[in-house]
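Residue numbers (our numbering): 24 to 380.
Built from N, CA and C at the ideal position, the CB exists for glycine as well.
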Amino acid sequence: MNILITGGAGFIGSAVIRHIIANTSHNVLNIDKLTYAGNLESLVDISDSSRYHFSLNNICNKSAMEKVFHDFEPDIVMHLAAESHVDRSITGSADFIETNIIGTYTLLEVARQYYTNLSDIKKAIFRFHHISTDEVYGDLEEGSDNLFVESTAYAPSSPYSASKASSDHLVRAWYRTYGLPIVITNCSNNYGPYHFPEKLIPLTILNALKGKPLPIYGNGLQVRDWLYVEDHARALFLVATEAEIGETYNIGGHNELKNIDVVKGICNLLEELVPNKPNGIGNYVDLITYVKDRPGHDLRYAIDASKIQKELGWTPNEIFETGLRKTVQWYLDNQDWVENVETGEYKNWIQKQYQNN
Ligand code: NAD
Ligand code: TYD
Numbered sequence: 024m025n026i027l028i029t030g031g032a033g034f035i036g037s038a039v040i041r042h043i044i045a046n047t048s049h050n051v052l053n054i055d056k057l058t059y060a061g062n063l064e065s066l067v068d069i070s071d072s073s074r075y076h077f078s079l080n081n082i083c084n085k086s087a088m089e090k091v092f093h094d095f096e097p098d099i100v101m102h103l104a105a106e107s108h109v110d111r112s113i114t115g116s117a118d119f120i121e122t123n124i125i126g127t128y129t130l131l132e133v134a135r136q137y138y139t140n141l142s143d144i145k146k147a148i149f150r151f152h153h154i155s156t157d158e159v160y161g162d163l164e165e166g167s168d169n170l171f172v173e174s175t176a177y178a179p180s181s182p183y184s185a186s187k188a189s190s191d192h193l194v195r196a197w198y199r200t201y202g203l204p205i206v207i208t209n210c211s212n213n214y215g216p217y218h219f220p221e222k223l224i225p226l227t228i229l230n231a232l233k234g235k236p237l238p239i240y241g242n243g244l245q246v247r248d249w250l251y252v253e254d255h256a257r258a259l260f261l262v263a264t265e266a267e268i269g270e271t272y273n274i275g276g277h278n279e280l281k282n283i284d285v286v287k288g289i290c291n292l293l294e295e296l297v298p299n300k301p302n303g304i305g306n307y308v309d310l311i312t313y314v315k316d317r318p319g320h321d322l323r324y325a326i327d328a329s330k331i332q333k334e335l336g337w338t339p340n341e342i343f344e345t346g347l348r349k350t351v352q353w354y355l356d357n358q359d360w361v362e363n364v365e366t367g368e369y370k371n372w373i374q375k376q377y378q379n380n
């Protein structure tokens, strides 16, 4: 099959592409604008494959997307491209509205036109998989046992989650109104290799290694349900290829942890793996610094993933302890990736190559 992946240079998209190229014989076209969060260095392991192709493109550009669909003839679209960082959405929401809402709308329209002209055989295979977040459900009460299920009402808190909720609604409307074959997944917080170092886990690892403060927003008692990114990638491929049209699946790892405990867990691992600390540091935990809380901060996320487990047989391979250890070790072993991502040197070079052609 031909699988079109948007946002494949990002954290989760690159894990999906690595998974598909390594474990299947499908062709992949990665459409990515290479924002600050998109990094082709995350795909060096598979970029030599003749089944992998890259196109530097903006999903909001309708004529460019029409050409991509026409030339590549996708059987499946996995739509991951998005602005994804809550803090950035608070200080500047315009890009979130543009990419997450207008970009999804543009893709839906292009996909609808493309689907209408497919043969019946191709129509039976085609599906549009929209990758979304559990943050569309808002938050759960601290200390409760409640979980997000697929029928939980939408109540997004941040500009990011509101933009993702909007895109979910558009995708469902294109199914109900136009019959576009869609599936939607809503996943909890991911962690693992190639995670851009603005998110809690990579930021904590890299700041600790430099002896910089480890910022905890508010009291640090907010709860997130962590899932190892490769478990998410496996789940996404399963949904894209096997789920029933029109369905929604929640994906999560049953790893509910308070932010402060995640940060302390990273500090403990670093004590073991990197006992030689930057000058003047006693213990890594001494770097923990409580800072002003995030406006509208969601208290608790927790996913009921029983539907995908029952219907598609998916379960996560990693528990948080093993996944966190792998993640910390990956950042220790891949300082060159971190440096490239922080300086953006390779990305600037790629973008110049495209401009010159
Ligand atoms: P990311 O920010 O790491 O990657 C997003 C990618 O999209 C980047 O490569 C970026 O260059 C690309 N992109 C952004 N705007 C674009 C545009 N207009 N056109 C083309 N490409 C564009 O994000 P991620 O963490 O990999 O998340 C991927 C998807 O999964 C998002 O839709 C996000 O909402 C969802 N999600 C993320 C998490 C998480 O914990 N990270 C959890 C659940 C769902
Ligand atoms: P983040 O990684 O930004 O993911 P999300 O906002 O999508 O959940 O944040 C995870 C949690 O960690 C969230 O409750 C905010 C908190 N946080 C901090 O306490 N300090 C930080 O420096 C960051 C980036 C996040």
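Alpha helix (DSSP H) segment containing residue i, residue limits
i: Ile113; result: 109-114
i: His76; result: His76 -> not in any alpha helix (DSSP H); beta strand (DSSP E) instead, spanning 75-79.
i: His42; result: 34-46
i: Leu141; result: From DSSP, Leu141 is part of no alpha helix (DSSP H); its letter is neither H nor E.
i: Leu232; result: 223-233
i: Thr264; result: 252-265
i: Ile331; result: 329-335
Short Cβ contact (8 Å threshold) for residue i with residue j
i: Arg323; j: Glu165; result: yes
i: Ile385; j: Asn50; result: Absent from the model: residue 385. The displayed extent of the chain is 24 to 380, so no value can be given.
i: Asp248; j: Asn278; result: yes
i: Gly161; j: Leu103; result: no
i: Glu282; j: Gly243; result: Rather than Glu, the amino acid found at residue 282 in this sequence is Asn. The answer is yes: Cβ separation under 8 Å.
i: Glu64; j: Asn291; result: no
i: Ser190; j: Thr127; result: yes
i: Ile16; j: Thr227; result: In the structure as shown, the chain begins at 24 and stops at 380. Residue 16 is therefore absent and cannot be evaluated.
i: Asn273; j: Ala328; result: yes
i: Ile82; j: Ile40; result: no
i: Ile373; j: Leu66; result: no
i: Val361; j: Leu229; result: yes
i: Ile268; j: Arg74; result: no
For residue i, three-class secondary structure by DSSP
i: Phe149; result: coil
i: Glu279; result: strand
i: Ser155; result: strand
i: Phe95; result: helix
i: Tyr214; result: strand
i: Asn363; result: helix
i: Gly177; result: Correcting the residue identity first, residue 177 is Tyr in this sequence and not Gly. DSSP places Tyr177 in coil when its eight states are reduced to three.
i: Asn340; result: coil
i: Tyr313; result: strand
i: Thr382; result: Since the displayed the chain opens at 24 and closes at 380, residue 382 lies outside it and no answer follows.
i: Phe171; result: strand
i: Thr129; result: helix
i: Thr58; result: coil
i: Asn273; result: strand
i: His192; result: helix
i: Val67; result: coil
i: Ile326; result: strand
i: Val285; result: helix
Close-in-space but distant-in-sequence residues of the same chain around residue i (CB under 7 Å, 5 per side omitted)
i: Ile311; result: Leu237, Ile239, Val286
i: Trp197; result: Leu131, Arg135, Leu203, Ile205
i: Asn340; result: Asp254
i: His320; result: Tyr240, Gly241, Gln245
i: Glu265; result: Leu335
i: Leu193; result: Thr127, Tyr128, Leu131
i: Phe119; result: Glu106, Ser112, Pro182, Tyr183, Ser186
Boundaries of the beta strand (DSSP E) in which residue i is found, first to last residue
i: Asp248; result: 246-248
i: Thr208; result: 205-210
i: Asp55; result: 50-55
i: Leu27; result: 25-29
i: Leu237; result: 237-240
Own chain partners of residue i with C-beta closer than 8 Å, once the 5 adjacent residues on each side are dropped
i: Lys187; result: Ala105, Asn123, Ser155, Thr156, Glu158, Val159, Pro179
Cβ neighbours of residue i in the same chain (closer than 6 Å, five flanking residues each side left out)
i: Gly346; result: Tyr251
i: Phe92; result: Val133, Tyr137
i: Ser11; result: No statement about residue 11 is possible, as the shown extent of the chain runs from 24 to 380 and does not include it.
i: Pro225; result: His218
i: Trp337; result: Ala258, Leu261, Ile331
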